[in-house]
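Structure, as structure tokens:
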Amino acid sequence: MGQETVDLSVQLGSLTLAYPTLMGSGCYGSGQEFAPFVDLSRIGGIVLKSVTRQPRLGNPTPRLVHTPSGMLNAIGLQNPGIDFYLEHDVATFADRPCTMIGSVAGFSIDDYAYVCERLAARREIAAVELNISCPNVASEGETFACDPRLTARVVGAARATTDKPLIVKLSPNVTDIAAIARQAQDAGADALAVVNTVRGMAIDVQTWQPRLGNVTGGLSGPAIRPIALLAVYEVARAVTIPIVGQGGIESVSDALEFFLAGASAIGIGTANFIDPRIPERIVDGLAAYLRQRNLHSIREIVGRANVGFANAHQYEGDED
Amino acid sequence: MGQETVDLSVQLGSLTLAYPTLMGSGCYGSGQEFAPFVDLSRIGGIVLKSVTRQPRLGNPTPRLVHTPSGMLNAIGLQNPGIDFYLEHDVATFADRPCTMIGSVAGFSIDDYAYVCERLAARREIAAVELNISCPNVASEGETFACDPRLTARVVGAARATTDKPLIVKLSPNVTDIAAIARQAQDAGADALAVVNTVRGMAIDVQTWQPRLGNVTGGLSGPAIRPIALLAVYEVARAVTIPIVGQGGIESVSDALEFFLAGASAIGIGTANFIDPRIPERIVDGLAAYLRQRNLHSIREIVGRANVGFANAHQYEGDED
Amino acid sequence: MPSLQTRARVHVTTISDRCELAPGVVLLGLHAPDLGKAARPGQFLMAIPPSGAAAAVALGIYEARADRASILFFVCGKRTSELSTLRVGDTLACSGPLGNGFDLSANPRDVAIVAGGAGIASALLPAEALIAAGARVRLYYGARTQALLVDAQRFADAGCELHAATDDGSAGRRGYITELLEQAQDRPDMVLACGPTPMLRAVADVARRFGIRAQLSLEETFACGVGGCWGCVVPLTAESAQAPNFPREDRGGSDVVFARVCKEGPVFWADELRW
Amino acid sequence: MPSLQTRARVHVTTISDRCELAPGVVLLGLHAPDLGKAARPGQFLMAIPPSGAAAAVALGIYEARADRASILFFVCGKRTSELSTLRVGDTLACSGPLGNGFDLSANPRDVAIVAGGAGIASALLPAEALIAAGARVRLYYGARTQALLVDAQRFADAGCELHAATDDGSAGRRGYITELLEQAQDRPDMVLACGPTPMLRAVADVARRFGIRAQLSLEETFACGVGGCWGCVVPLTAESAQAPNFPREDRGGSDVVFARVCKEGPVFWADELRW
Ligand SMILES: Cc1cc2nc3c(=O)[nH]c(=O)nc-3n(C[C@H](O)[C@H](O)[C@H](O)COP(=O)(O)OP(=O)(O)OC[C@H]3O[C@@H](n4cnc5c(N)ncnc54)[C@H](O)[C@@H]3O)c2cc1C
Ligand SMILES: Cc1cc2nc3c(=O)[nH]c(=O)nc-3n(C[C@H](O)[C@H](O)[C@H](O)COP(=O)(O)OP(=O)(O)OC[C@H]3O[C@@H](n4cnc5c(N)ncnc54)[C@H](O)[C@@H]3O)c2cc1C
Ligand SMILES: Cc1cc2nc3c(=O)[nH]c(=O)nc-3n(C[C@H](O)[C@H](O)[C@H](O)COP(=O)(O)O)c2cc1C
Ligand SMILES: Cc1cc2nc3c(=O)[nH]c(=O)nc-3n(C[C@H](O)[C@H](O)[C@H](O)COP(=O)(O)O)c2cc1C
Ligand code: FES
Ligand code: FES
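Those protein sequence lines, which keep their order, are chains U, V, L and H. Using our numbering, the first residue of the first sequence is number 214, and each one after it goes up by one. Using our numbering, the first residue of the second sequence is number 214, and each one after it goes up by one. Using our numbering, the first residue of the third sequence is number 2, and each one after it goes up by one. Using our numbering, the first residue of the fourth sequence is number 2, and each one after it goes up by one.
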């Protein structure tokens with residue numbers, strides 16, 4: 214394998230990432246938790262745990278269930294609230310050797326705009342992700358990403374508060390994700406994160422109780438990869454802004470599928486719970502893959518899946 | 214374990230099943246294919262492969278991809294069309310020792326009504342399932358189950374053609390499955406099948422081509438179980454008609470989760486590809502479970518998941 | 002090809018012997034009272050991974066004796082990895098024998114069997130049957146490298162003439178095995194082939210040019226393996242005797258029918274495929 | 002309890018020895034140059050199943066010597082099944098040591114360690130440390146049946162007084178181990194406990210009635226195991242020294258804070274839990 218350097222950097226609006234790998238919000242703390250196990254300077258960035266206007270203790274326990282090739286979580290946005298967060302946490306992000314992206318959640322349009330504005334004022338934060346798709350909060354949370362009009366309004370309100378790159382995180386729990394993606398783009402999103410977790414549930418057949426304190430939760434991990442990949446593919450055909458593809462990525466091959474489907478960068482969440490060395494392995498593997506094919510930049514493969522191939526044998530009968 | 218008999222029979226409208234296990238449409242042929250491996254008299258019934266008005270060669274190949282804890286399929290409703298089917302196939306169903314349920318797919322409301330009427334005229338067919346949720350056909354197929362009004366219209370039209378029990382099969386690829394379930398009930402469905410496959414995709418990173426000839430496919434198997442279980446739970450709270458829960462059931466414990474969530478019967482599809490002995494094992498396991506708990510009928514556990522349990526520590530802050 | 006599936010059932014077998022023929026190539030002997038007796042050349046079984054965590058996997062029946070059958074597989078994914086951890090005495094459930102095997106009813110006298118990679122697993126039974134019937138059998142055996150030409154001696158012992166090719170030239174000719182077949186001085190009167198699709202296409206091509214018929218054992222991704230899901234299809238001329246029961250009218254400009262590799266196949270006549 | 006996580010890293014270990022202590026109970030010795038040195042009583046590691054197919058699994062560090070550590074686990078699901086297939090010479094990667102262990106700084110002189118089932122895996126290191134510091138250590142060891150009272154002799158050899166209970170009465174007292182603790186004539190001055198949650202609750206109860214403090218090593222479902230996901234929490238009094246950095250005002254009528262079992266724990270003071 215040649216030692217020629219390949220370019221793994223990508224752009225999300227005005228944000229440049231040295232590597233196209235973002236650690237998914239809520240999965241990676243603020244990075245420090247994983248620092249003993251991984252060289253943080255070799256990941257693209259960390260999307261921080263979502264923060265809300267008020268402190269939240271989060272959901273009752275249990276909050277996690279392992280499922281076939283995946284897991285359900287219902288953390289419920291446990292966080293200290295924006296005031297405490299700005300005072301105690303954000304300053305510590307300054308010395309991380311990778312890009313730090315804030316994540317904002319809320320229960321009203323005003324919430325999102327308020328927290329977004331306060332967070333975006335801090336230089337430690339390179340960009341803001343709007344989590345309008347958390348399935349684990351009592352009512353409102355996910356509703357935004359499930360409704361094109363609400364999506365447009367909340368993104369517009371957040372956009373007005375900041376010039377920082379704005380990533381909008383979409384939900385897979387919708388009939389037509391492309392329509393929602395278009396609204397987010399039109400309302401001013403610089404990039405889209407596709408997707409958050411898929412809603413699910415598990416029941417303990419001994420006690421007859423739900424296995425999550427919150428009853429329902431969000432499914433992540435390899436189980437949802439085909440679902441997430443299709444969402445990325447459909448969104449990529451509907452918008453022109455870059456996409457951070459995520460959902461079940463745990464190997465370089467998985468990552469490549471997402472780039473080919475149209476993602477400019479990828480998110481890695483649950484895979485860190487399998488093995489914290491995965492993000493570095495993916496970066497190494499992407500470089501090797503590009504070198505083997507004499508490609509110079511990861512950007513050359515984005516959206517290149519060849520879906521035009523026809524098959525002569527398709528046969529539909531005489532439909533009306 | 215006591216030898217006391219337990220009652221595993223269930224009702225779907227006027228249809229009585231001796232066992233609460235239906236083999237999922239498209240997964241079990243007409244039963245004969247599996248007869249060497251399983252005692253068909255010990256399964257509740259077989260939902261036959263969906264049939265359409267005109268013959269269909271189905272989708273280009275490849276049609277199958279294995280994914281983590283699941284698989285994608287895009288068969289594309291290969292079938293000989295209703296004329297040929299009634300002439301050649303249906304008579305052979307008469308000697309099967311279990312209930313035979315027809316499945317009808319289509320591309321227009323008229324299609325569904327026409328095929329449903331022709332099929333329902335045959336005594337070999339005990340009930341009809343309307344597959345309004347196949348994700349693997351070019352355009353229309355799934356649209357019905359993704360739109361409450363179309364659902365109401367197609368179910369209403371099918372209902373008018375027959376007095377046979379009518380099961381309507383719903384799609385998980387929607388924002389609000391409960392709303393669609395209510396429409397199906399109001400339009401005259403006797404039972405609901407929840408759910409069909411989840412839309413997904415896979416890409417070959419060597420060739421850059423989709424791994425399915427149809428580009429996209431339907432995800433089934435244990436990977437989707439938490440998604441399917443939540444769909445059953447939500448539908449069960451929205452309707453009063455019985456539900457056939459399905460999606461990733463491969464063990465007695467999985468089956469019990471679906472009964473507890475509100476299913477009156479279960480569908481088994483992909484698990485037959487893991488091990489054809491699974492349907493009989495589930496029936497044995499259900500009987501043993503009921504006996505252990507001194508329960509007399511499987512009907513006693515339907516919908517009994519206890520979701521009322523509160524947790525004193527939930528804490529939401531001062532939201533507006 | 003005649004339906005041979007009547008004796009299929011789930012066999013709960015015990016691993017009687019295990020041999021790693023090459024790195025990543027495993028031969029498992031199965032103690033199974035009547036699996037071996039029922040199996041015909043070219044049939045396969047669906048091996049059920051004991052963890053129950055994945056779909057059953059299609060594997061050719063390599064050897065078949067009274068109470069011992071065997072499978073031979075290349076570890077290439079999750080399920081074959083799991084099967085490779087099985088040890089003597091462990092249990093392995095298999096459904097089978099399945100599918101329609103090679104059609105040897107024409108009583109060919111001089112047969113070339115072309116096998117590539119894991120295809121070798123479906124080559125021994127037809128070779129033995131043909132030799133027992135007095136035919137000349139040449140095995141054209143291709144692999145990436147010498148070490149992966151597994152169990153070649155076994156075929157020689159059975160009475161096959163051996164011709165080998167490897168991608169790296171470490172044994173036999175360097176190049177594709179079909180190039181060797183093409184150069185055969187005396188042409189066989191029938192070709193049987195099992196291996197990766199590109200090899201099968203090349204075999205079909207050579208056979209067509211030779212003017213002889215070829216039977217190909219296809220590999221496709223399976224789900225059910227028993228004809229229940231229509232996932233493993235391949236397009237066939239509607240006139241083929243193997244075409245499934247399906248309306249034959251030439252509608253929509255199509256004269257093909259999709260046949261199930263697991264049920265109508267896995268062996269098809271090359272000249273009836275429309276791939 | 003003091004943070005001990007600075008020496009954590011991914012250790013790529015080699016299985017140095019393997020022993021099936023009882024059916025479904027496996028002890029794996031890990032050759033790992035500095036894992037053992039870094040480990041403190043009550044810490045755990047996240048073992049990465051080699052197939053990469055599932056989340057890492059939290060396991061207590063059973064033994065810790067210069068270059069050998071060990072894990073002891075009960076096969077109860079997919080991941081422990083996979084770990085049980087590892088053989089001497091195989092590789093096992095583990096992140097650790099993780100979490101905050103038992104707080105032995107008060108220098109207790111007479112300690113009861115209560116262990117149930119797989120909890121025994123976290124009992125040996127504190128027992129050894131306490132005995133080395135001159136304390137009297139009694140092990141109250143509970144299991145379903147005699148065969149599952151694994152490695153009890155090891156604790157006796159280390160100098161523990163043994164008290165056992167089994168559900169079926171096949172060894173020691175029939176019943177719960179906490180009933181034995183409750184009947185102790187001379188009360189210990191501290192209790193450490195590791196095992197299933199119902200047992201821990203019972204221990205907390207006995208300790209409260211005895212008027213002594215108990216440290217409980219909790220079991221929760223983990224995802225990250227390092228404090229990154231807030232999935233493994235347990236409610237703690239907001240006043241606890243182990244409460245995470247979180248606003249303390251008593252809003253919404255709540256005076257608890259959710260602490261992470263993997264990060265702030267897994268060992269907590271029983272009287273600071275609000276479960
Ligand atoms: C009738 C029949 C008989 C057969 N007989 C034999 C036999 O005797 N011996 C034998 O060794 N095999 C045989 N095969 C092939 C065998 O069934 C397949 O190789 C099977 O898929 C192995 O399962 P697996 O889970 O181990 O690998 P899989 O995970 O299914 O992978 C199989 C192949 O697909 C590739 N692959 C997997 N995932 C991906 C991905 N995400 N992207 C790109 N490529 C991927 C792998 O590299 C590998 O080459 C037979 C097949 C058929 C249809
Ligand atoms: C800090 C810490 C230290 C630990 N140390 C040890 C140790 O040293 N030794 C040890 O043996 N264990 C230990 N454990 C427990 C161990 O991590 C868990 O048992 C782990 O879940 C095992 O993983 P698994 O995949 O094998 O089983 P899982 O599949 O996770 O199953 C674990 C348990 O859950 C039950 N379960 C699984 N699925 C279901 C379902 N669908 N419905 C109902 N019940 C289900 C199983 O029966 C089993 O009892 C520790 C846990 C923690 C938090
Ligand atoms: C434990 C856990 C907590 C999460 N918390 C958040 C969160 O706070 N905000 C958010 O936007 N997404 C959250 N997510 C979603 C992930 O960021 C990611 O989008 C999703 O898990 C799919 O990717 P994966 O399969 O790689 O994990 C969480 C996921 C998990 C598993
Ligand atoms: C190969 C395959 C073919 C299918 N064909 C049909 C079909 O023709 N009609 C239909 O209603 N559902 C069809 N389904 C969906 C199944 O009946 C079932 O609803 C779904 O797979 C979820 O259940 P499972 O996870 O148990 O397979 C098909 C599924 C598979 C895997
Ligand atoms: S694999 Fe199901 S029909 Fe062949
Ligand atoms: S398991 Fe992630 S914080 Fe404890």
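Backbone N, C-alpha and C fix where the C-beta goes; we use that ideal spot for every residue, glycine too. Note that this is a predicted model, so its numbers are computed, not measured.
Query	Result
Which of the residues in the segment 91 to 110 of chain L, read from start to end, lie with their CB under 8 Å from any CB of chain V?	A94, S96
Pick out whichever of V:P275, V:N485, V:S254, V:V219 has its Cα sitting closest to the Cα of G430 (chain V).	V:P275
I'd like to confirm the pairing. Which residues does DSSP put opposite H279 (chain U) in its beta bridges?	U:M284
Against chain U, with Cβ distances strictly below 8 Å, would Q422 (chain V) count as a contact?	yes
At a CB-CB cut-off below 7 Å, which residues of chain H make contact with F486 (chain U)?	A56, A57, A224, C225
Where do the N-terminal and C-terminal ends of the alpha helix (DSSP H) with C240 (chain U) fall, by residue?	Per DSSP, C240 (chain U) belongs to no alpha helix (DSSP H) and is neither H nor E.
When the cut-off is 8 Å and only beta carbons count, does V268 (chain L) lie next to chain V?	no
Whole beta strand (DSSP E) runs in the segment 88 to 149 of chain L with 3 or more residues, listed along the chain?	92 to 99, 111 to 117, 137 to 144
Mind checking whether the beta-carbon of A224 (chain L) lies closer than 7 Å to any heavy atom of ligand 5?	yes
At a threshold of 7 Å, does T81 (chain H) count as lining ligand 2 (C-beta to nearest heavy atom)?	yes
Name, please, each residue of chain L whose Cβ falls closer than 8 Å to the Cβ of T86 (chain H).	T86
Considering only the alpha carbon of each residue, which of L:L93, L:R209, L:L193 lies closest to L31 (chain L)?	L:L93
Alpha carbons only, please: which of V:R494, V:A406, V:T356, V:A307 is nearest the one belonging to F471 (chain V)?	V:A406
Quick one: what's Q224 (chain V) bridged to in DSSP?	V:T229
Please determine whether the Cβ atom of D152 (chain L) lies at a distance below 7 Å from any heavy atom of ligand 1.	no
Going along the segment 388 to 400 of chain U in order, which residues come within less than 9 Å of chain V, judged by CB to CB distance?	T388, D389
Tell me whether R276 (chain V), by its Cβ, gets closer than 7 Å to a heavy atom of ligand 5.	no
So for M214 (chain U), helix, strand or coil by DSSP?	Confidence at M214 (chain U) is low in this model, with a pLDDT of 42, below 50, so the placement of that residue should be treated as unreliable; the coordinate-derived value is given next. DSSP places M214 (chain U) in coil when its eight states are reduced to three.
Distance cutoff 8 Å, beta carbons only. Does M214 (chain U) sit that close to anything in chain H?	Low confidence applies here, because M214 (chain U) scores a pLDDT of 42, under 50, leaving its location unreliable; read the following figure in that light. No, M214 (chain U) lies away from the interface with chain H (no Cβ there is under 8 Å from its Cβ).
Which word fits D91 (chain H), buried or exposed, when buried means at least 16 other C-beta atoms lie within 10 angstroms of its C-beta?	exposed
Run through the DSSP bridge pairs and tell me what G258 (chain V) is partnered with.	V:L235, V:T312
Indicate whether at least one CB of chain H lies closer than 8 Å to the CB of L5 (chain L).	Bear in mind that the predicted position of L5 (chain L) carries a pLDDT of just 47, short of 50, making it too unreliable to give a figure here.
Leaving aside the five residues before and after Q398 (chain V) along the sequence, list all residues of the same chain whose C-beta is less than 6 Å from its C-beta, in chain order.	V452, I454
Which whole-angstrom value describes the C-beta separation of T375 (chain U) and G319 (chain U), a residue pair presumed to lie in contact below a C-beta threshold of 8 Å?	Actually they are not in contact, since the Cβ atoms of T375 (chain U) and G319 (chain U) sit about 15 Å apart, beyond 8 Å.
Taking only the alpha-carbon atoms, compute the straight-line gap between S4 (chain L) and G43 (chain L) and give it to the nearest angstrom.	A caution first: S4 (chain L) carries a pLDDT of 49, below 50, which makes its placement in the model too unreliable to give a value.
Which chain U residues are close to V76 (chain H), counting only those with a beta carbon under 7 Å from its beta carbon?	Here the premise fails: no neighbours, minimum Cβ distance about 16 Å.
What did DSSP end up calling K264 (chain L) once you bin it into helix, strand or coil?	coil
CB of T410 (chain U) to nearest heavy atom of ligand 3: below 7 Å?	yes
Can you tell me the Cβ-Cβ gap for E273 (chain L) and S241 (chain L), rounded? I've got them flagged as a contact below 8 Å.	4 Å
Looking at I495 (chain U) and V465 (chain U), is the spacing between their C-beta atoms short of 8 Å?	yes
Determine, using beta-carbon pairs with one atom in the segment 141 to 152 of chain L and one in the segment 160 to 170 of chain L, whether at least three such pairs fall under 8 Å.	yes
Look at C230 (chain H) and G239 (chain U) and say whether their C-beta atoms are less than 8 Å apart.	yes
By the three-class DSSP mapping on this structure, what secondary structure does K377 (chain V) have?	coil
In the DSSP output, which residue or residues are listed as bridge partners for C20 (chain L)?	L:L28
Which one of V:M236, V:P273, V:G271 has the shortest CA to CA distance from I256 (chain V)?	V:M236
Would you say W276 (chain H) touches ligand 6, meaning its beta carbon is less than 7 Å from a heavy atom?	no
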